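Protein chains in written order, with this note's numbering: chain A, 2 to 256; chain B, 2 to 256; chain C, 2 to 256.
Structure record follows, encoded as structure tokens.
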Amino acid sequence: MLEARLGETLLLKKIVEALKEIISQGTLDCSDTGFQLQSMDNSHVSLVALCLQRDCFEKFRCDRNVSLGLDLKSLAKVLKCTNSDDTVTISASDNPSKVLLNFNSKESERSAEYELKLLNLEEDHLGIPDTDYACTILMPSTEFAHICRDMAMFSETVTIACSKQAVKFSANGDLGSANIKLSEGGKMNVSIQVEDQLVQTFAGRYLNTFTKATPLADRVKICLAAEVPLLVEYPIEDFGYIRYYLAPKVDDVDV
Amino acid sequence: MLEARLGETLLLKKIVEALKEIISQGTLDCSDTGFQLQSMDNSHVSLVALCLQRDCFEKFRCDRNVSLGLDLKSLAKVLKCTNSDDTVTISASDNPSKVLLNFNSKESERSAEYELKLLNLEEDHLGIPDTDYACTILMPSTEFAHICRDMAMFSETVTIACSKQAVKFSANGDLGSANIKLSEGGKMNVSIQVEDQLVQTFAGRYLNTFTKATPLADRVKICLAAEVPLLVEYPIEDFGYIRYYLAPKVDDVDV
Amino acid sequence: MLEARLGETLLLKKIVEALKEIISQGTLDCSDTGFQLQSMDNSHVSLVALCLQRDCFEKFRCDRNVSLGLDLKSLAKVLKCTNSDDTVTISASDNPSKVLLNFNSKESERSAEYELKLLNLEEDHLGIPDTDYACTILMPSTEFAHICRDMAMFSETVTIACSKQAVKFSANGDLGSANIKLSEGGKMNVSIQVEDQLVQTFAGRYLNTFTKATPLADRVKICLAAEVPLLVEYPIEDFGYIRYYLAPKVDDVDV
């Protein structure tokens, strides 16, 4: 039997909002250590990984490992109905065909219970190797979201150039070009660690969907290294995270 | 001659918003006692009845009974133009082809006058018999609106189960199921009077249009009885109301 | 070389919003005295004229006259990306194929630079003769915007009747009619100067696009005279303006 209670529905809302644009369905793997979800996006280009350790929960019990195949659009619909400050209890049997969501207000006069049918999804879990990243940037998550949205106006691709003390985002298109440069420190307290300078280009629309996780964390970590996927990480309180991976574009070679 | 002045245009706006989703045209019957309007909705399933006693008005004069055939969408358009805290004076001649709406601000430098053409509508007035309801629920109107909207996500029909001390709203569909239970008292001060326990099912989309009246009243009264239409009533200040009637669904019988 | 710095990007945003609905492209003429733009609207009915004297700018340098052919939709897109309280520096070479926009926050850690391609537009500049207007109205710009929007609901044409102490806006259509009368003085401090009483009719949709300039100024000046175009003027701080011109409709004569 699985029973996991979050102190605030708002956290679950933010997580589902962060996932539902990138994957429409996903399997939540529940074990004694907490919740895990890993999935390629709908177009099989980027990868998202969610981790919620049991310490994220007010109450957590998971007798046997269970996998919950969730339709994220449906879950988002249910969550739209709920008050953000209600507690939410997620429960399922050991071999479940449905998941139960119980929402309770601090006041006891209202209880809401939703039952969602589970999906039978086949998913291959990719092993994600540990990587020593050449560049690691820490910046306000809202600023990163802002930049990704702005770049999308100019081009489908975004170039990130990371050097000591500064990171530059650029986009070039029919309209003209855009360049935004952030320096270390300042009011935004941008942190840039660079072992090797790096210039990489990415498909902007994936970066934009990653930023749906912005409400989860004040700051975002962006990690780059030559020939490995970019990592964009939003911490979830102290005991979890949502990570997005996206491979850089390989330049077309003129023949 | 008819001349009726409301102290605040806002009240008229709320009334028209409450009506215009359910009926596109309606006849306002004006007499010495005030205003009345009764009409089936556009699909002839539910019934709406409006009553505004003369005491709702700052000034009221109606020499002869007149019927004003109103296009509610047009009236709503006119009201969009007006300041909510202006006074509004509704006037018409004894045998009118148009209605005049005068809006005046407390300051005197601006006056706005709108003339709307009247429609010639044929309407049968149904006698609504007095009913002893088995269950009467009083609850915050916003909570009722919230529940109706949530249920609509799951199913086209909503089941209301009323027992002593608790009322349960349920919906069941492809997505899964939703159950919201309200108990008596609490912060929401829900009141439930039950003579006979009752379970009835209704078409959710009508309940949802009824809740357009939510801004008119903090609390809504819901009355049910076996084999008679549900009554949903929003009081309008101390001297009026808007009432909606909707027959319960008859269960399909398997043959 | 051209280099012009505005203390607040917000002012540029408001100007572009005021222009972009009425002209999609326009030539900004830059000289030592400041910026000028004059253009017929897309349908060649109304005329818009912008003037920004060099004193509007924190810093202004223009060595040689240059004309910047701007795509206003693109410029509006770029401005959407920027913080309203950043400074903006507009620069171009003496014979430019592109214009550079640099946005800097008071904090120095973020700099954004956008390059927009210029268009090669052919434009005839019309001489606008000085006119002695018979009626000059000064009123809150939001009230004028409100009236224009309301009139549009009733009819495609708006009649302005100006007499001593009062101006009346009227529209007449299938729905009915609307009349809004403003008197001199009052809370809105309407000012009406009339040499000759006047009644003129205008195409409402142009008046409505003129009101996109509302955020630029608290008060708008409306000037009318027999057989000359209406002038609607929004001052821009102390050193500029945006002016719109629209010819009155000539009544159809029954033959």
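Note that the Cβ used here is the ideal one computed from N, Cα and C, for glycine as well.
This structure is a prediction, so every number in the text was calculated from the model and none was measured.
Discussion item. Between C/S178 and chain B, is any beta-carbon pair separated by less than 7 Å?
Written reply: For this step, residue 178 of chain C is matched to residue 177 along the third sequence. Output row for C/S178: interface = yes.
Worksheet item: Near B/N180, which residues of its chain fall below 7 Å by C-beta distance, leaving aside the five closest residues on each side in sequence?
Response: Along the second sequence, one-based indexing puts residue 180 of chain B at 179. K169 and S171.
Worksheet item: If we count the other Cβ atoms within 10 Å of its Cβ and call it buried at 16 or more, is C/K107 buried or exposed?
Response: Within the third sequence, numbered from 1, the residue matching residue 107 of chain C stands at position 106. By the 10 Å Cβ count, C/K107 comes out exposed.
Practice prompt. Residues of the region 78-93 of chain A with a CB closer than 7 Å to any CB of chain B: list them in chain order, please.
Written response: K78 and C82
Discussion item. So the candidates are A/G128, A/T34, A/T10 and A/V46; which of them puts its Cα closest to the Cα of A/I23?
Written reply: Taking the first sequence and counting its residues from 1, the one referred to as residue 23 of chain A is at position 22. Checked all of A/G128, A/T34, A/T10 and A/V46; the closest Cα to A/I23 is A/V46.
Worksheet item: What residues are listed by DSSP as bridge partners for C/T158?
Response: If you number the third sequence from 1, residue 158 of chain C lands on position 157. Paired residues: C/A204.
Fill in: Proximity test, Cβ basis, 7 Å: C/K74 and chain A
Looking up residue 74 of chain C in the third sequence gives position 73. For C/K74, the answer is no, since every Cβ of chain A falls outside 7 Å of its Cβ.
Discussion item. For a cutoff of 7 Å on Cβ pairs, would you count A/K21 as touching chain B?
Written reply: Sequence index remark: in the first sequence, residue 21 of chain A carries index 20 (1-based). Not one chain B Cβ lies under 7 Å of A/K21.
Discussion item. Among B/M41, B/L71, B/E157 and B/I138, whose alpha-carbon lies nearest the alpha-carbon of B/N121?
Written reply: Position 120 of the second sequence, counted from the first residue, corresponds to residue 121 of chain B. Ranking B/M41, B/L71, B/E157 and B/I138 by Cα distance to B/N121 puts B/L71 first.
Practice prompt. Would you be able to state if there are at least three C-beta pairs under 8 Å between the region 55-64 of chain B and the region 224-240 of chain B?
Written response: yes
Worksheet entry | Classification of B/T28 by the beta-carbon crowding that lies within 10 angstroms, buried from 16 upward | Here residue 28 of chain B corresponds to residue number 27 of the second sequence, with the count starting at 1. Buried is the call here.
Discussion item. Under DSSP, the beta strand (DSSP E) around B/F170 begins and ends at which residues?
Written reply: One-based indexing of the second sequence puts residue 170 of chain B at position 169. Note, B/F170: beta strand (DSSP E), A167 to N173.
Fill in: Chain-ordered neighbours of B/V191 on chain A, where CB pairs are closer than 8 Å
The sequence position of residue 191 of chain B within the second sequence is 190, counting from 1. Per Cβ cutoff of 8 Å: E110.
Fill in: Beta bridge counterpart(s) of A/C82 as assigned by DSSP
Numbered from its first residue, the first sequence carries residue 82 of chain A at position 81. The partner list for A/C82 (beta bridge, DSSP) is empty, contrary to what the question assumes.
Worksheet item: Smallest Cα separation from B/S25: which of B/A167, B/K78 and B/I223?
Response: By 1-based counting over the second sequence, the position of residue 25 of chain B is 24. The shortest Cα separation from B/S25 among B/A167, B/K78 and B/I223 belongs to B/K78.
Practice prompt. Reducing DSSP to helix, strand and coil, say where B/L231 ends up.
Written response: Walking along the second sequence from the start, residue 231 of chain B turns up at place 230. Note: B/L231 maps to strand in three-state DSSP.
Discussion item. For A/I161 and A/P230, what's the separation of their Cα atoms in angstroms?
Written reply: For the purposes of this step, residue 161 of chain A is taken as the residue at position 160 of the first sequence. For the purposes of this step, residue 230 of chain A is taken as the residue at position 229 of the first sequence. Going from the Cα of A/I161 to the Cα of A/P230 covers about 13 Å.
Fill in: Among B/L51, B/T132, B/N84 and B/R6, nearest to B/L217 - alpha-carbon criterion
In the second sequence, counting from the first residue as 1, residue 217 of chain B sits at position 216. Among B/L51, B/T132, B/N84 and B/R6, the Cα nearest to that of B/L217 belongs to B/L51.
Discussion item. Quick check on A/F240: does DSSP put it in helix, strand or coil?
Written reply: Position 239 of the first sequence holds residue 240 of chain A. Correct three-state label for A/F240: coil.
Discussion item. I need the boundaries of the beta strand (DSSP E) containing C/V195, first residue and last residue.
Written reply: Taking the third sequence and counting its residues from 1, one reaches residue 195 of chain C at position 194. Taken as a continuous stretch (DSSP letters only), the beta strand (DSSP E) holding C/V195 covers S192 to V195.
Item to complete: Determine the direct distance from the alpha carbon of A/H126 to that of B/T212, and round the result to whole angstroms.
Response: Walking along the second sequence from the start, residue 212 of chain B turns up at place 211. Walking along the first sequence from the start, residue 126 of chain A turns up at place 125. So the alpha carbons of these two residues sit roughly 47 Å apart.
Practice prompt. Mind checking who A/R6 pairs with in its DSSP beta bridge?
Written response: Residue mapping note: residue 6 of chain A aligns to position 5 of the first sequence, counting from 1. Looking at the DSSP assignment, A/R6 forms a beta bridge with A/K60 and A/T90.
Worksheet item: What residues in the region 113-127 of chain A bring their beta carbon closer than 8 Å to a beta carbon of chain E?
Response: The structure shown contains no chain E; the protein chains it does contain are A, B and C.
Worksheet item: Quick one: is B/S75 buried, meaning 16 or more other Cβ sit within 10 Å of its Cβ, or exposed?
Response: As a working note, residue 75 of chain B is residue 74 in the second sequence. With 16 or more Cβ atoms within 10 Å of its Cβ, B/S75 is classed as buried.
Worksheet item: What is the DSSP secondary structure of B/D72, reduced to helix, strand or coil?
Response: Locating residue 72 of chain B in the second sequence gives position 71, where the first residue counts as 1. Correct three-state label for B/D72: strand.
Practice prompt. Apply the 10 Å Cβ neighbour rule to B/V254 and answer buried if 16 or more other Cβ atoms are within range, or exposed otherwise.
Written response: On the second sequence, residue 254 of chain B is found 253 positions in, with the first residue counted as 1. At B/V254 the pLDDT is 47, less than 50, meaning the model places this residue with poor confidence; the figure from the coordinates comes in the next sentence. That one is exposed.
Item to complete: May I have the straight-line CA-CA distance separating B/N96 from B/C82, to the nearest angstrom?
Response: One-based indexing of the second sequence puts residue 96 of chain B at position 95. One-based indexing of the second sequence puts residue 82 of chain B at position 81. Each residue's alpha carbon lies about 27 Å from the other.
Fill in: Spatially closest choice to C/L11 from C/Q37, C/D30, C/T88 and C/G35, by CA coordinates
The count along the third sequence starts at 1 and reaches residue 11 of chain C at position 10. When only C-alpha atoms are compared, the closest one is C/T88.
Item to complete: Consider the Cβ of A/S142: report whether some Cβ of chain C lies at a distance smaller than 7 Å.
Response: On the first sequence, residue 142 of chain A is found 141 positions in, with the first residue counted as 1. By this cut-off, A/S142 is not an interface position.
Discussion item. Quick check for students: name the residue ranges of the alpha helix (DSSP H) that lie wholly in the region 89-122 of chain C, counting only runs of 4 or more.
Written reply: none
Worksheet entry | Contacts around A/V200, its chain only, beta-carbon distance under 8 Å, and the 5 residues preceding and following it disregarded | Residue numbering aside, residue 200 of chain A sits at position 199 when the first sequence is read from its first letter. Taken in chain order, the residues that qualify are T160, I161, A162 and C163.
Worksheet item: What residues of chain C sit near B/K99, judged by a beta carbon separation below 8 Å?
Response: The residue labelled residue 99 of chain B in the question sits at position 98 within the second sequence. Near B/K99 (Cβ distances below 8 Å), the residues of chain C are G177.
Worksheet entry | First through last residue of the beta strand (DSSP E) which encompasses B/D30 | Indexing the second sequence from 1 puts residue 30 of chain B at position 29. Segment Q26 to S32, the beta strand (DSSP E) holding B/D30.
Worksheet entry | Test: B/G174 CB closer than 7 Å to a CB of chain A | Here residue 174 of chain B refers to the residue found at position 173 when the second sequence is read from its first residue. B/G174 does not count as touching chain A.
Worksheet item: What residue does the alpha helix (DSSP H) around B/S142 start on, and which one ends it?
Response: Start at 1 with the first residue of the second sequence, and residue 142 of chain B comes out as number 141. Its alpha helix (DSSP H) spans residues S142 to A153.
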